[in-house]
Amino acid sequence: MKTNILSVALSVLTMTAFAQKDEIKDAEDAVEDGNYAEAKAFIDKAEPKLSEANDKWTERFYLYKGQAYLGAGKNVSVEDAKTAAEAFQKAADMGSEEAEEGLMKVRNSLVQSAVEDQNTENYEKAADKLYASYELNKQDTVYLYYAAANSLNAQNYDAALGYYEMLRDLDYDGSGMEYTAVNVETGQEEVMPKDQRDLMVKSGQYKDPQDKKLPSKKGEIAKNIALIYISQEKNDKAIAAMESAKAENPGDVGLLQAEANMYYQMGDKEKYRELMEDLVEEAPDDPSLYYNLGVSSAELGKTEKAIEYYKKALELDPDMNEARMNIVVAILAKERDIIDEMNGLGMSKEDDKRYKELMEERKEIYKEAIPYLEKVIEKDPQNINAIQTAMNIYSQLDMPEKAKEMKAMLEQ
1 MKTNILSVAL SVLTMTAFAQ KDEIKDAEDA VEDGNYAEAK AFIDKAEPKL SEANDKWTER
61 FYLYKGQAYL GAGKNVSVED AKTAAEAFQK AADMGSEEAE EGLMKVRNSL VQSAVEDQNT
121 ENYEKAADKL YASYELNKQD TVYLYYAAAN SLNAQNYDAA LGYYEMLRDL DYDGSGMEYT
181 AVNVETGQEE VMPKDQRDLM VKSGQYKDPQ DKKLPSKKGE IAKNIALIYI SQEKNDKAIA
241 AMESAKAENP GDVGLLQAEA NMYYQMGDKE KYRELMEDLV EEAPDDPSLY YNLGVSSAEL
301 GKTEKAIEYY KKALELDPDM NEARMNIVVA ILAKERDIID EMNGLGMSKE DDKRYKELME
361 ERKEIYKEAI PYLEKVIEKD PQNINAIQTA MNIYSQLDMP EKAKEMKAML EQ
């Protein structure tokens, strides 16, 4: 009896093993045919009996499970990507070189899918996929950085804050080289690790590889942490975060700019201007600093100082048309007091005389603005606001031909 029972048991075990091998082979065939849903079904049937398989078949099982859940790699979900990665990792641990390639494909598919989500402004999904890619290889901290940026774009401030604080705690700098290539199928430029990029270019799936030098991201990270705290009305935490970042990175110009921006967001324009002036001493040849100082000075009602800063920005960058247009705005702001006084005058001879004096002062302001306006239009013939302003000024200065010229430009 015992012998018969053992024989029956061995027969059942053998039948189970054969059935399991058949299901694993069927999963392989389904993967090769691109029938990934069918492959998953075979994998699900084989998995409960996996403990009865030898190492060779166990390795094959995990390899095909990874391939089934990865599928074609397009628009892979985070859940399926994680399942595929876990399976590939188990197969790789058992010696499968093909599974090592599978792990790289999972990371690449997540990044590609995230880029597509980003391009369609589905920032939440993009962030989830980029973070999942980072979790699969925590040396790829750049994907954690991009996950934070996409969470910020999605206005998921809690997630963004968590990612940025992780980057800060990792002392992520972000400077160095960025390795990019153009996806042949989508035409989009993508960022990836150098070895992965080189491999994908060799495969023909990517082209135009470029190595780009990147500045430090510490200032941007500190700024975004502070701005999120400000959006949550936690100004004390914002200031503390910035002070901590400055203490760890003294003299970092990016952090100084971030601190100034923080106070600007908090509505402390005077503090912002003070910090920007300190920053100019650190980087006296940066036109954007003078431009920003012009903006804050104008908002504080310091018109002449604003014009001075805009002119300095133009000295350093003659193509900065925004600075030129802002000079026009600052000059024309001088007429507000004149208009107020004109509107308050009566009908007496003295009032009439004063009205004419004010009108002449107003024309002088227009004459001061005209050269800058003309240069703005020369640099940007599509600037409707500048053309409209110039047409009105020419009319006030009794220059009908010039006004007609501006009107024609508007009609075009």
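Letter 277 of the sequence shown, counting from 1, is numbered 277 in UniProt numbering, and no numbers are missing.
Where a beta carbon is used, it is the ideal one built from N, C-alpha and C, also for glycine.
Roughly how many angstroms separate the alpha carbons of residue i and residue j, rounded to a whole number?
{"i": "Asn326", "j": "Tyr157", "result": "33 angstroms"}
{"i": "Tyr229", "j": "Ala238", "result": "5 angstroms"}
{"i": "Gln188", "j": "Asp140", "result": "20 angstroms"}
{"i": "Ala92", "j": "Arg168", "result": "32 angstroms"}
{"i": "Phe18", "j": "Asp44", "result": "At Phe18, the pLDDT of 44 sits below 50, so the modelled position is not reliable; the number obtained from the coordinates is stated separately. Their Cα atoms are separated by approximately 16 angstroms."}
{"i": "Ser11", "j": "Glu47", "result": "Any reading at Ser11 needs caution, since the residue's pLDDT is 38, under 50, leaving its predicted position unreliable; the model's value is listed next. Their Cα atoms are separated by approximately 20 angstroms."}
{"i": "Asn321", "j": "Pro381", "result": "12 angstroms"}
{"i": "Ile307", "j": "Gly294", "result": "7 angstroms"}
{"i": "Ser175", "j": "Pro215", "result": "5 angstroms"}
{"i": "Ser395", "j": "Gly346", "result": "25 angstroms"}
{"i": "Glu100", "j": "Lys379", "result": "55 angstroms"}
{"i": "Thr58", "j": "Ala41", "result": "17 angstroms"}
{"i": "Met406", "j": "Met391", "result": "5 angstroms"}
{"i": "Ile370", "j": "Ile393", "result": "8 angstroms"}
{"i": "Lys56", "j": "Gly95", "result": "10 angstroms"}
{"i": "Pro284", "j": "Val253", "result": "12 angstroms"}
{"i": "Ala386", "j": "Met200", "result": "48 angstroms"}
{"i": "Pro400", "j": "Lys367", "result": "15 angstroms"}
{"i": "Glu190", "j": "Ile365", "result": "51 angstroms"}
{"i": "Glu341", "j": "Tyr309", "result": "29 angstroms"}
{"i": "Val329", "j": "Ala403", "result": "19 angstroms"}
{"i": "Asn137", "j": "Ala114", "result": "16 angstroms"}
{"i": "Gly162", "j": "Lys375", "result": "47 angstroms"}
{"i": "Gly71", "j": "Gln232", "result": "41 angstroms"}
{"i": "Glu350", "j": "Leu332", "result": "26 angstroms"}
As a quick exercise: from the options, pick the residue whose alpha carbon is nearest that of residue i.
{"i": "Met104", "options": "Ala369, Asp286, Ala41 and Met192", "result": "Met192"}
{"i": "Arg197", "options": "Arg107, Ser77, Glu270 and Gly71", "result": "Arg107"}
{"i": "Lys82", "options": "Ala132, Val184, Asp252 and Met266", "result": "Ala132"}
{"i": "Ala87", "options": "Phe61, Gly95 and Val111", "result": "Phe61"}
{"i": "Thr389", "options": "Glu401, Ser231 and Leu410", "result": "Leu410"}
{"i": "Ile221", "options": "Gly344, Met166 and Ala85", "result": "Met166"}
{"i": "Lys363", "options": "Arg336, Asn261 and Lys213", "result": "Arg336"}
{"i": "Glu65", "options": "Lys90, Val76 and Leu314", "result": "Checking the displayed sequence, the identity of residue 65 turns out to be Lys instead of Glu. Taking only the C-alpha atoms, the option nearest Lys65 is Lys90."}
{"i": "Tyr172", "options": "Leu144, Lys194 and Ser348", "result": "Leu144"}
{"i": "Glu277", "options": "Val76, Ala85, Gly267 and Asn292", "result": "Asn292"}
{"i": "Leu152", "options": "Lys138, Leu136, Leu170 and Lys125", "result": "Lys125"}
{"i": "Glu98", "options": "Gly71, Tyr123 and Leu63", "result": "Leu63"}
{"i": "Ala245", "options": "Lys234, Ala258 and Glu233", "result": "Ala258"}
{"i": "Asp398", "options": "Glu274, Val280 and Met359", "result": "Met359"}
{"i": "Glu185", "options": "Lys207, Asn383, Glu274 and Pro318", "result": "Lys207"}
According to DSSP, what are the bridge partners of residue i?
{"i": "Met177", "result": "Lys213"}
{"i": "Glu189", "result": "Val182"}
{"i": "Lys207", "result": "Val182"}
Taking Cβ to Cβ, would you say residue i is nearer than 8 angstroms to residue j?
{"i": "Glu282", "j": "Leu316", "result": "no"}
{"i": "Ala154", "j": "Tyr134", "result": "no"}
{"i": "Glu299", "j": "Lys269", "result": "yes"}
{"i": "Gln205", "j": "Thr180", "result": "no"}
{"i": "Ile377", "j": "Glu361", "result": "no"}
{"i": "Val78", "j": "Lys129", "result": "yes"}
{"i": "Asn150", "j": "Gln112", "result": "no"}
{"i": "Lys312", "j": "Tyr290", "result": "yes"}
{"i": "Ala226", "j": "Met242", "result": "yes"}
{"i": "Met177", "j": "Lys212", "result": "yes"}
{"i": "Tyr355", "j": "Arg324", "result": "no"}
{"i": "Tyr36", "j": "Ala84", "result": "no"}
{"i": "Lys223", "j": "Asn249", "result": "no"}
{"i": "Leu110", "j": "Val142", "result": "no"}
{"i": "Leu264", "j": "Ser296", "result": "The amino acid occupying residue 264 in the given sequence is Tyr; Leu does not appear at that position. Yes; because the gap between Cβ atoms is below 8 angstroms, this pair is in contact."}
Starting from residue i, trace the alpha helix (DSSP H) both ways and give me its first and last residue.
{"i": "Val78", "result": "Val78 to Asp93"}
{"i": "Gly344", "result": "No alpha helix (DSSP H) contains Gly344, which DSSP labels as neither H nor E."}
{"i": "Thr303", "result": "Thr303 to Leu316"}
{"i": "Ser296", "result": "Pro287 to Glu299"}
{"i": "Tyr145", "result": "Thr141 to Asn153"}
{"i": "Lys235", "result": "Rather than Lys, the amino acid found at residue 235 in this sequence is Asn. Counting along the chain, the alpha helix (DSSP H) containing Asn235 begins and ends at Asn235 to Glu248."}
{"i": "Ser109", "result": "Glu97 to Asn119"}
{"i": "Lys407", "result": "Pro400 to Glu411"}
{"i": "Gly162", "result": "Tyr157 to Asp169"}
{"i": "Leu255", "result": "Val253 to Gln265"}
{"i": "Leu136", "result": "Tyr123 to Leu136"}
{"i": "Tyr229", "result": "Lys218 to Ser231"}
{"i": "Gln388", "result": "Ile384 to Gln396"}
{"i": "Tyr172", "result": "No alpha helix (DSSP H) holds Tyr172; DSSP gives it neither H nor E."}
{"i": "Ala68", "result": "Asp55 to Leu70"}
{"i": "Lys40", "result": "Tyr36 to Ala46"}
{"i": "residue 414", "result": "There is no way to answer for residue 414, as the model of the chain reaches only from 1 to 412."}
{"i": "Met325", "result": "Asn321 to Ala333"}
Answer yes or no: does any C-beta atom of chain D fall closer than 8 angstroms to that of residue i?
{"i": "Ile24", "result": "Looking for chain D here will not work: only one protein chain is present."}
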